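Here's the structure, in structure tokens; my notes come after.
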């Protein structure tokens, strides 16, 4: 029987010494470790490599860690362990309310972090299984694992941006995804106010997928707030 694939950990910390120490220690224990040094790189890395768990510092140079958590929770349930020098209870509450799964205060013991990491990876196994789901509507089918959409038996070509937008909405089926969340995740944090991008791309998706694009059943607009996907 082949050995199981190592779990992938994304370490997000702008302190190169801490990032290096975590890479060495976690790699020595069989984890595949990827590092990012700011929030923008972290958001991109999660989208591209789909780690099993994220270890996140809050004091990042470009985007506050709490905002990174909020951005990720707009489309993924990857476990997030905060590793921060902010020990105040208010900071912990803000991070956990934003969607973090655990909070470890610096300085930290490696054994404690490893125990919390093992628990997080166990939880990520459930998320990984859910991510394999094929979502079916009356008119089209979305295969999240294969990144394909089929309608009436034929594959529908979506651009990279269209797929990214569609994927976020589908993974949040039945829930409102705000305009800011979508813009942040699809185009980046500097596009938070460019709501016209969403109107253009949602209209394109409706033309490709909805039976009646002017009366959508699946890609719904919540006026002034965002969008919601319904089967």
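In UniProt numbering, the protein residues as written are 1 to 231.
Just so it is clear, CB atoms sit at the ideal spot from N, CA and C, and this is done for glycine as well.
Predicted model only: the values in this text are computed from it and were never measured.
Pair every Cβ in the stretch 90-107 with every Cβ in the stretch 202-215, then say whether three or more of these pairs are closer than 8 Å. no
Quick one: which unbroken beta strand (DSSP E) runs of 3-plus residues sit fully inside the UniProt domain "Response regulatory" (8-121)? Chain order, please. 8-12, 32-36, 53-56, 80-84 and 102-105
Skipping 5 residues on each side, what residues in its chain have a beta carbon closer than 6 Å to that of residue 32? Along the chain shown, one-based indexing puts residue 32 at 32. Excluding positions up to five away in sequence, the list reads 6 and 8.
In three-state DSSP terms, what is residue 151? Position 151 of the chain shown, counted from the start, is the residue given in the question as residue 151. Residue state, collapsed to three classes: strand.
Using DSSP with H/G/I as helix, E/B as strand and the rest coil, what is residue 158? In the chain shown, counting from the first residue as 1, residue 158 sits at position 158. Reduced to three states, the DSSP call for residue 158 is coil.
Just verifying my parser: in three-state terms, what is the DSSP assignment at residue 183? Within the chain shown, the letter at position 183 stands for residue 183. Helix at residue 183.
Please report whether the beta-carbon of residue 140 lies at a distance below 7 Å from any beta-carbon of chain B. This model lacks chain B altogether, as it is built from one protein chain only.
Alpha carbons only, please: which of 140, 218 and 184 is nearest the one belonging to residue 161? Taking the chain shown and counting its residues from 1, one reaches residue 161 at position 161. Comparing Cα positions, the closest option is 184.
Exposed or buried, which one is residue 51 when buried takes at least 16 other CB atoms within 10 Å? The residue labelled residue 51 in the question sits at position 51 within the chain shown. With 16 or more other Cβ atoms within 10 Å, it is buried.
Quick check: the stretch 62-69 against the stretch 86-102, are there 3 or more CB pairs under 8 Å? yes
Would you call the CB atoms of residue 178 and residue 224 closer than 7 Å? For the purposes of this step, residue 178 is taken as the residue at position 178 of the chain shown. For the purposes of this step, residue 224 is taken as the residue at position 224 of the chain shown. No, these two residues do not count as a Cβ contact at 7 Å.
Evaluate the contact criterion for the stretch 185-204 versus the stretch 85-93: three or more CB pairs, one atom per stretch, below 8 Å. no
Can you name, in chain order, every residue of its own chain whose Cβ lies under 8 Å from the Cβ of residue 230, other than the five neighbours on each side? One-based indexing of the chain shown puts residue 230 at position 230. 173, 174, 217, 218 and 220.
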